[in-house]
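Numbering (the working numbering), first residue to last: 48 to 229.
Idealized CB from N, CA, C, for every residue including glycine.
To start, the structure itself, in C-alpha cells.
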C-alpha cells in the first residue's frame, strides 16, 4: 500500500512539475512593452496583399517562372495586448525567384479615441531564399528592428460583410485595406 501511495505522489509531482515547466509568460515571447487590451472589433488576423500584373516565362514557354512581384502583410492582434506581424514578398528578376519573410512579435497599445495602434516590437526573425535555397535565416538584432510603430486605423465592413481595417503607417500616405481572416 505504501508503494502505491509513493508512486501516486511521484507521478503527481512529476505531472505538476511538467505543467510548471510548460508555462511561459507572454513577456518571454512578446516583451514587457506598453500594452492595452485589444477591443473585440480589432482582435484577430488581418491581411493585406498585392501582386504585379507582369508574369515571367522561361524561353521554353512551358516553363512558368512566376509573377514579377507578390507581397502580403498580416497582423494578429491578441486580446491581451500582444501582436504578431508577418511580412512576405516574392520577386522574380533575371530568372531568380527571391522570397523575403519576417515575423515580428511584441506588445500593442490601442487608443480608440484617436484611432491609433502603436506596436512595440520585442523580437523579429528574417528569412530569405533564392530559387529555393535559404540564403539568410536569423533573428534580427535590436538595432535592426523598428522598436515602435504607430498606425492610424479606420474599421469598416465591405459590402459582402467582411470586416476590414484601413491602416496608415504613422498617419501618412494612402491607407492599406486589411481584411479580417479566420
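Residue span of the alpha helix (DSSP H) that contains residue i, given as start and end
i: residue 131; result: Segment 129-140 is the beta strand (DSSP E) holding residue 131; no alpha helix (DSSP H) there.
i: residue 74; result: 73-77
Whether residue i touches residue j by CB criterion (8 angstroms)
i: residue 214; j: residue 200; result: yes
i: residue 93; j: residue 119; result: no
i: residue 146; j: residue 176; result: yes
i: residue 185; j: residue 173; result: yes
i: residue 139; j: residue 115; result: yes
i: residue 155; j: residue 133; result: no
Residues bridged to residue i (per DSSP)
i: residue 203; result: 211
i: residue 82; result: Partner(s): none; residue 82 has no beta bridge.
i: residue 175; result: 147 and 183
i: residue 153; result: 130 and 168
i: residue 197; result: 165
i: residue 89; result: For residue 89, which the question treats as bridged, DSSP gives no partner whatsoever.
i: residue 158; result: 163
C-alpha distance - residue i paired with residue j, whole-angstrom precision
i: residue 220; j: residue 143; result: 31 angstroms
i: residue 63; j: residue 225; result: Note that residue 63 scores a pLDDT of 41, beneath 50, so its modelled location is shaky and nothing firm can be said.
i: residue 211; j: residue 89; result: 9 angstroms
i: residue 179; j: residue 136; result: 14 angstroms
i: residue 68; j: residue 223; result: No answer about residue 68 holds up, because its pLDDT of 41 lies below 50 and its placement is not dependable.
i: residue 79; j: residue 205; result: 35 angstroms
i: residue 70; j: residue 181; result: Unreliable positioning characterises residue 70 in this predicted model, as indicated by a pLDDT of 44, which lies under 50. The coordinate reading is nonetheless provided below. Computed Cα separation, rounded: 33 angstroms.
i: residue 76; j: residue 164; result: 20 angstroms
i: residue 84; j: residue 203; result: 20 angstroms
i: residue 151; j: residue 189; result: 12 angstroms
i: residue 82; j: residue 127; result: 8 angstroms
i: residue 191; j: residue 125; result: 24 angstroms
i: residue 91; j: residue 187; result: 25 angstroms
i: residue 168; j: residue 141; result: 35 angstroms
Span of the beta strand (DSSP E) around residue i
i: residue 186; result: 180-186
i: residue 227; result: 223-228
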